[in-house]
Structures are given as C-alpha cells and as structure tokens.
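So the protein sequences, as listed, match chains A and B.
Letter by letter, the first sequence follows residues 0 to 535 in numbering that gives the first Met the number 0.
Letter by letter, the second sequence follows residues 0 to 202 in numbering that gives the first Met the number 0.
Scroll down for the structure; my scribbles are underneath it.
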Amino acid sequence: MGVTLHKENSLTRFLRWVYAGVERTIFMGLKFTFPSRFVSPLGFLGMLTFVLFIILGITGALLMLFYEPILDRAWNSVKTINDVIPYGFHLRNIHYHASNAMVMVALLHMYYQYFSGRYKIRNEILWVTGIILGVLTILEAFTGYDIIFSERAELAISIAASLTNSIPIMGPQMRDAFFGSGFHDFVLRFYAFHVFFLPIAMLGLMVVHFPRFLVFDVPMVMAITGAIMITGGVFPVDMGLKFDPSVPPGITVPEWYLTGLYAFLRSAYDKFTTGVAWPGLFIFILLIVPFIDRYKKFSWKDRPIVTAIGITSLAQIIVTTYWGFYIDPDRTKSLLERLVIDPVFLYLVMILLVPLSFGFTYMMIKLARNAEANAKIQPKKPSGKSSINLSEKSIYAIFIALLAFQVYLNIAAYYAVLAGMKNYSLFIVGIIMLVFAAMWHVYRHGKSMQKAPPPKPTVPPMPLKAKPPPLPKTGPTAGELTAGSKVLEDSITKEKALAPATKGTTSSSQSVQSVNKTESTGPTHSENKVVSDEKK
Amino acid sequence: MAEQPSPKSGGKVSRRDFIKLMAAAGTVLTFAPFVDWGKFLPNPTGQSKERQKVELPDGSQANVNSFPVNHSEAVIYPKTNDPALNKESFRTWQFIRLPEELGGKKNDISAFRLYSMVCLHLWCLWKYWPQEGRKRGECPCHGSMYDPLTGKAFAGPASLQAPPNNVLPRLDLEIATDGNMWIKPPNWSVNGNGIVGYGRYLT
C-alpha cells in the first residue's frame, strides 16, 4: 500500500494555518466531539435541533428568492415554487418537514433534559434560554405556515390576531403594532417575523444556550436529513386552497404542535383564558421548574414528584393534541356541534389525567426499582454485546457496494426529476443521505479498527476473564493479584539478601519473613492454577 | 484643596450620588424620544382623518333619496389607489338600508347601517340577505348570523363569543343637504366604532 492521503501540500498547509488562526476566535471555546462509534442520539438532540435550524436557514433563504409576501400573490408564488421552479418542490418540502422535525426534536430534547435532571445545578441558564428558544421555534414554524395564505393560514392568522386582541388593556394596540391593520399587513409582517426577527432572536439566544461541549455525529445528522427527505417524498406537503373570504373553507386544523392549544380554543370558552393564559402558564412553569426541583439526585427514579409532573404534562399534551385534530365525522350534525368541545368534559379529562399520571409514575418507579434489585441479586450475565468484527477486505467490499448503490441512486434520482416524479426523486435523495450515513459509519468503524491494538497471536485470554481463579477468602482480589504478588516476591528476595547480614541479631526480621511466607502462599498457588488453566 | 472644608456629612446628597443621578437623568432623556417612535409600528393607511364618500360598486355616491329600502351594497373604506389593497376584506363594509319594519322607510341616517363585512368568528365575509324570512347578515363559512339593526350576532359561532367579540364594528354616517351620504372619520376602539375582525361593545 504505497498510496496514502497523508501528504503535506500547499492546500493542507493553508488549512492548517486557518485552523491555527481560529484559535483567536470564539469557536475555540467549544469542544466538538466526533464520536468514533455509534452513540445514542438522545444525548445530542440539541445539536440535531441546531442542524435542522441550519437546514431550514439554507432552504428558507433559497425559497425567499421566489416567494412574494404580498396579499394577492403569496399563495400564487408558493404555487409557482412548488410546480414550476426546478427543485422548488424539493426545497419547499425539505423546509416544511424540517420545520416539523425541528419542533419535534426540540421537544424531545427538552423532555430528555427534564427527565434526566440535567437542567439544574448550574444549567439553569441553559434551560431557561432553551425554553425561550422552544417558544420562538414554535412561533417561527407558526409564522412560516401562515405566509402561504391558504385557508388554513388564514384560520391561523385570525386566531393569532384575535388572541392578541383579547389581551387586556393593551391587546388591540399590540395587534395594530405587531400585525398591522389588515390582511396585507399580516402577510407582510408575518413574513418579516419569519425570516428576520425570530431567527435573529433565536441566533442570539443560541449563543447563550450552547454548552461548551458539543457532539457532532455525522451519520446521525445525515440520517435525520435523509429521513426528512424520505418523509417529504412519501408525504409531500400540499398547497391548501387559496384563501377567498367569500368562499366557505373546508374544515382545517392547525399544525400538530398547535392542535393542543386548538383543543382548548375549540371549547369556546373565553379567548384570553384558553388561548393566552393557559399556554402562558405552561411556559411559565417550564421556566421555573429547575428552581422548584429541590431533589439532590438526577435520575428520574429518584425524583418521583418531578417525574410525575413531567408525565402529567406529556399525557395532557398527547391527549389535547389528538383532541385538537379530532372532528366528529358525523356530517348530519351542524358544523358548530362538530367543532365545539364541551369545556366541562375537556377540563374534567385534564384534571383526571393528573392522578392517573401520578399513579403511572409511581408504578414505573416501583417497577424500575424492582428490576434494579433483581439485577443485583442475580449474577451478572455476560453482556450480550456482540461486536461486529469485519475484516479489512469485507470493509472494502461494503464500501464498493455502497458506492455502486450511490451511483445507481444518483441516476435514479436524476431520471425521476426528468420524468417529473418530484416526490420520488426527493425520496431517492433521502435514501442517498442514508447511504452516506452508512458509509460514514463503516468508515469510522474501519478507522477505529486500525487504531485498536492488533489482536494477540496467542490464544485469546477469554477463559481468564470468564472464569476467575478460586481465591482464598482472605487473599487479595483478582485485580491486585499480579501486582501484589510481584511486590511480595521483591520483598522476599530483599529479605533473603538481607538475611545473612542480620541473621541472629534480631528476631523481628524472622517474624516478618514468616508473615511474608504465609501471605505469599496464596498468590503463588493461584498463579500456578491460572497457568494450568491456560494450558488446558 | 486641603484647606477647603470637607463636604458636610449631614448634606442630603453627596457629590458622587448627585453626578450619578444626573447621568441617569441624561440617559433617560436621551432615549425618551424613541418611546414615541413606537408609532412607527401600526400602519397609518388603516386610519382616516377625513370624511369619505359612501361610494357604491358602480362608482356613484349613495344617496338617501335613491337607495332602495331593504337593500345592501359592499363599500370600500378607507379606499386607496391600490386595487390590491381595495380588495382586502378588512376594507370591505356592508352598506345596508334597513327593511321597512326596522325603519328603513325613513329618509334619515337611522335607516342606514354600515358594518364591517369581516365575520367576527374566523374572518370570512358575511353579507346581507334581504329575502323575506331572512333579512339578516349571514356568514357563508360557519353560519354566523347578524342582526342588521344592531350588528349583534344572534346565531352561529360568532354569537357564542363573549362581548366585544359578538358585535360588528360600525361606521358612522352623515347626510349632506343634497342627500349624498358620507362616512365620518372613525374611532377604532372597542368602545368607539369597534375593531375590524374583533368586535365592539354595544352601547
């Protein structure tokens, strides 16, 4: 193997120089980790959220080139992007599905931090900025689907505006100041919020929110991107109908992250209470939760009340999210009857979920504790970690196969575009991303194999680990065994060397010798046994 | 300097504190003008300080002597020179001459109404139906119905909304000596002419 990529040339020297210059910048405060093997993505969901934010930024910036935030042109311009502009369909679908993914990943990120107790002990600032970022993320996604100005967008805008109007004292002035005075202003201003005000605020908050240790897992990032594209290919987002104020719209529901709120609004109770006060209260509780959580421990099992509150909120979110989507399919009933949710029923269910969730949490903790106790009693089984050991040759073979697959997929994606099968091509590009993730995974696997020490040519030392030698109960433990015995042997030889000179002068040395001898019997005996075991 | 008497400890404000106070006052005064800059945010084209003709879709001005009883037309207010803006629902108003039983025969302002056409429920455009047995404003979207006399929703989802979300915004009219009708400059507040798409308190 004479060819190597490690060659010093002017380009690598330039890159090295740039890298050295980065020392002076803020980025050197960040410690990036590129995992050398698969690690659970739960630990770096925040980084994935940021990656999605970047994807949204890029696709959004490109969409800006054709989108027109003007009342009577907004919907038409989106239609043009979707149907006419080459790859407009792809970018719009990635933008849409990435926005959903970002809200989802941000929520998972929040709940993971919540249940693992990482939000406290000097992480409060990270948590609080994270909650504000989460709210801004939802507002960002919300303003995004409003500016298409379809029927659903109009519904969302009218709800947003009437909720702002319902704020006591300042409401109408606030609506006028932020949303403007009509549909024309609404579309233009929501656009301004969507592409500038909110993202810039989010970037500012991210500077505070970013911890110093970051994990950037290339295969996982590519897999998420691929998943978004595949979703876009399988479920391409529709245009909706252009809003026409004189045409009765079909029944529309908001995006999934707002149907929870929509369920409350549909109870036809006071707008301010249901639409502003309840979500405000929810956000406020989230903001102060690290200061309320006084448990000294981190695990969810050791913080029963906090865990129960988390489970309750999850249960309520899931139930109201589903409820917001659900519309009585019975068409013989009046629309109003189908839409309005009985507030007594809704609130009763919300309250009932509290004891249920607390009971569920109690049960879960009980079960987890039992499982832990059982695991302690029973002897540890050899962990079922089956490491895949691929030979160098098979790694090359896999690489070549994946590359060939990439070539095939690239051709397929291109032909799909030529044939006008946009969603199919988006789907294939998603698969390409997944293949890249797989390639990277194989690559780092091969790299880590290279770094690992070569396997010993002798018989593998498995029996030694699997079957510890029987030791005298008073003897040192297996770990101390080899080191300890060596020290003892040293001391024995020293004693022997000293012995002739001091012989007969003191009795103490003799007693020491005898002690040494009794102690040394154990180790030597067991060592012999190990050797004999190995010989077998 | 040493000969000068030291500042009396019994003084009300020390020199240092006084300077700090001045600096704080200066900071406040420097940024004070920007408070009024908040007026940049609301869009002034939605406001109108002058009276405007009641201009019917055919371009003529509504006249008290010629406008039929129990009839309605869509009127744009405030009207602009931009055809796109003029199509906006927030500028669309329903000009109604009441039916006879509600006093539509009278030749004064009491026979006329000018309501925002934006339904208070979800902002579709309602309109007046003069047929016998209806004689009310109806929204095509979710079936909200409005009383032409007061602008109050009496059926459908808009009627379930708490005040001020159940009464349509209304513009004040005046009649010139020649019978031509004019729209008076409005007061956009829930206690005045109401807020389009939001509502008005019935006074």
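C-beta: ideal position from N, C-alpha, C; glycine also.
Start-to-end residues for the alpha helix (DSSP H) that takes in His120 (chain B): The residue labelled residue 120 (chain B) in the question sits at position 121 within the second sequence. Unbroken run through His120 (chain B): none, as it is neither H nor E.
Neighbourhood of Leu61 (chain A) by C-beta distance below 8 Å, restricted to the same chain and skipping five residues each side: Sequence index remark: in the first sequence, residue 61 (chain A) carries index 62 (1-based). Only Leu90 meet the Cβ criterion.
Three-pair Cβ contact test at 8 Å for the region 68-85 of chain A versus the region 177-190 of chain A: yes
One or two residues paired with Ser79 (chain A) in a DSSP bridge: Your numbering for residue 79 (chain A) matches position 80 in the first sequence. Before going further, note that residue 79 (chain A) is Thr rather than Ser in the sequence given. Beta-bridge partners assigned by DSSP to Thr79 (chain A): none are found.
Contacts around Ser76 (chain A), its chain only, beta-carbon distance under 7 Å, and the 5 residues preceding and following it disregarded: Position 77 of the first sequence, counted from the start, is the residue given in the question as residue 76 (chain A). The answer, listed in chain order, is Phe65, Tyr66 and Glu67.
Own chain partners of Leu339 (chain A) with C-beta closer than 8 Å, once the 5 adjacent residues on each side are dropped: Indexing the first sequence from 1 puts residue 339 (chain A) at position 340. The sequence shown places Val at residue 339 (chain A), rather than the Leu named in the question. Taken in chain order, the residues that qualify are Arg265, Ser266 and Ala267.
Inter-residue CB distance, Gly239 (chain A) and Ile93 (chain A) (contact presumed, cutoff 8 Å): The residue labelled residue 239 (chain A) in the question sits at position 240 within the first sequence. The residue labelled residue 93 (chain A) in the question sits at position 94 within the first sequence. The Cβ separation is near 18 Å, so there is no contact.
Which listed residue (B:Asp146, B:Gly193, B:Lys78 and B:Gly198) has its alpha carbon closest to that of Asp171 (chain B): By 1-based counting over the second sequence, the position of residue 171 (chain B) is 172. Closest option to Asp171 (chain B), Cα to Cα, is B:Gly193.
Burial state of Thr224 (chain A), where buried means 16 or more other Cβ atoms lie within 10 Å: What you label residue 224 (chain A) is simply residue 225 of the first sequence in a count that begins at 1. Burial call: buried.
Residues that Phe43 (chain A) bridges to, as DSSP identifies them: The residue labelled residue 43 (chain A) in the question sits at position 44 within the first sequence. BP columns for Phe43 (chain A) are empty, so no partner.
Under 7 Å by beta carbon: chain A residues contacting Gly191 (chain B): Position 192 of the second sequence holds residue 191 (chain B). What Gly191 (chain B) touches in chain A: nothing, since even the nearest Cβ is about 11 Å away.
Cβ-based neighbour list, Gly478 (chain A), same chain, cut-off 6 Å, excluding 5 preceding and 5 following: Here residue 478 (chain A) corresponds to residue number 479 of the first sequence, with the count starting at 1. Because Gly478 (chain A) sits at a pLDDT of 42, beneath the cut-off of 50, its placement in the model cannot be relied upon, and the point is left open.
Coarse secondary structure for Phe66 (chain B), derived from DSSP in three states: In the second sequence, residue 66 (chain B) corresponds to position 67, counting from 1. It is coil, neither helix nor strand.
First and last residue of the uninterrupted beta strand (DSSP E) at Tyr414 (chain A): Sequence index remark: in the first sequence, residue 414 (chain A) carries index 415 (1-based). Segment Glu391 to Leu417 is the alpha helix (DSSP H) holding Tyr414 (chain A); no beta strand (DSSP E) there.
Backbone secondary structure at Gly58 (chain B) - three-state DSSP: Looking up residue 58 (chain B) in the second sequence gives position 59. In the structure shown, Gly58 (chain B) sits in coil (DSSP, three-state: anything other than H, G, I, E or B).
Leu44 (chain A) at chain B interface by Cβ criterion, 9 Å: Numbered from its first residue, the first sequence carries residue 44 (chain A) at position 45. Closer than 9 Å: no.
is_contact[Glu153 (chain A), chain C] using C-beta, thresh 9 Å: No chain C appears in the structure shown, which is made up of the protein chains A and B.
Coarse secondary structure for Met173 (chain A), derived from DSSP in three states: Along the first sequence, read from residue 1 onward, the residue named residue 173 (chain A) stands at position 174. Three-state DSSP puts Met173 (chain A) in a helix.
Element boundaries [beta strand (DSSP E), containing Gln93 (chain B)]: Reading the second sequence from its first residue, position 94 is the one you call residue 93 (chain B). Segment Thr91 to Arg96, the beta strand (DSSP E) holding Gln93 (chain B).
Boundaries (first-last residue) of the alpha helix (DSSP H) holding Ile147 (chain A): For the purposes of this step, residue 147 (chain A) is taken as residue 148 along the first sequence, with counting starting at 1. Ile147 (chain A) -> no alpha helix (DSSP H), and no H or E assigned at all.
CB contact below 9 Å: Pro185 (chain B) versus chain A: Here the question's residue 185 (chain B) lines up with position 186 in the second sequence. So no, Pro185 (chain B) is outside the interface.
Simplified DSSP assignment, three categories, for Val213 (chain A): Here residue 213 (chain A) refers to the residue found at position 214 of the first sequence. Checking the sequence, you will find Leu at residue 213 (chain A) rather than Val. The three-state reading of DSSP puts Leu213 (chain A) in strand, counting E and B together.
Check whether Thr258 (chain A) and Leu197 (chain A) have beta carbons under 9 Å apart: The count along the first sequence starts at 1 and reaches residue 258 (chain A) at position 259. The count along the first sequence starts at 1 and reaches residue 197 (chain A) at position 198. Against a cut-off of 9 Å, the Cβ pair of Leu197 (chain A) and Thr258 (chain A) comes out as no contact.
Sub-9 Å separation of Ala110 (chain B) and Arg90 (chain B) beta-carbons: On the second sequence, residue 110 (chain B) is found 111 positions in, with the first residue counted as 1. On the second sequence, residue 90 (chain B) is found 91 positions in, with the first residue counted as 1. Cβ distance not < 9 Å, so Ala110 (chain B) and Arg90 (chain B) don't count as in contact.
Contacts that Ala152 (chain B) makes with chain A (C-beta to C-beta distance below 7 Å): Counting from one through the second sequence, the residue named residue 152 (chain B) turns up at place 153. Chain A residues near Ala152 (chain B): none, gap ~12 Å exceeds 7 Å.
Proximal residues, the region 54-84 of chain B versus chain A, C-beta separation under 7 Å: Answer in chain order: Ala83 and Leu84.
Distance, Phe359 (chain A) Cα to Phe404 (chain A) Cα: Here the question's residue 404 (chain A) lines up with position 405 in the first sequence. Here the question's residue 359 (chain A) lines up with position 360 in the first sequence. In a straight line, the C-alpha of Phe404 (chain A) is about 47 Å away from that of Phe359 (chain A).
Chain-ordered neighbours of Ile194 (chain B) on chain A, where CB pairs are closer than 7 Å: Translated into the one-based positions of the second sequence, residue 194 (chain B) becomes position 195. Chain A residues near Ile194 (chain B): Asn164 and Pro171.
Classification of Ala19 (chain A) by the beta-carbon crowding that lies within 10 angstroms, buried from 16 upward: Taking the first residue of the first sequence as 1, we reach residue 19 (chain A) at position 20. Counting Cβ neighbours within 10 Å, Ala19 (chain A) comes out exposed, since fewer than 16 surround it.
Local Cβ density within 10 Å of Ile282 (chain A), reported as buried at 16 or more and exposed below that: For the purposes of this step, residue 282 (chain A) is taken as the residue at position 283 of the first sequence. Around the beta carbon of Ile282 (chain A), a 10 Å sphere encloses fewer than 16 other beta carbons of the protein chains shown; the residue is thus reported as exposed.
Burial state of Lys536 (chain A) (16 or more Cβ within 10 Å): Outside the shown range of chain A (0 to 535) lies residue 536 (chain A), about which nothing can therefore be said.
Residue of B:Thr44, B:Ala23, B:Pro184 and B:Lys126 minimising C-alpha distance to Leu84 (chain B): Residue 84 (chain B) sits at position 85 when you count from the first residue of the second sequence. Out of B:Thr44, B:Ala23, B:Pro184 and B:Lys126, B:Thr44 has the C-alpha closest to the C-alpha of Leu84 (chain B).
Pairwise C-alpha distance: Thr58 (chain A) and Glu254 (chain A): Within the first sequence, numbered from 1, the residue matching residue 254 (chain A) stands at position 255. Within the first sequence, numbered from 1, the residue matching residue 58 (chain A) stands at position 59. The straight-line gap from Cα to Cα measures roughly 20 Å.
C-alpha distance - Cys138 (chain B) paired with Ala159 (chain A), whole-angstrom precision: Taking the first residue of the second sequence as position 1, residue 138 (chain B) is located at position 139. Taking the first residue of the first sequence as position 1, residue 159 (chain A) is located at position 160. C-alpha separation (whole angstroms): 21 Å.
CB contact below 9 Å: Lys6 (chain A) versus chain B: In the first sequence, the residue the question calls residue 6 (chain A) occupies position 7. No, Lys6 (chain A) lies away from the interface with chain B (no Cβ there is under 9 Å from its Cβ).
Extent of the continuous alpha helix (DSSP H) to which Val291 (chain A) belongs: Start at 1 with the first residue of the first sequence, and residue 291 (chain A) comes out as number 292. The amino acid occupying residue 291 (chain A) in the given sequence is Ile; Val does not appear at that position. It spans Trp277 to Ile291 - the alpha helix (DSSP H) in which Ile291 (chain A) sits, taken as one unbroken run.
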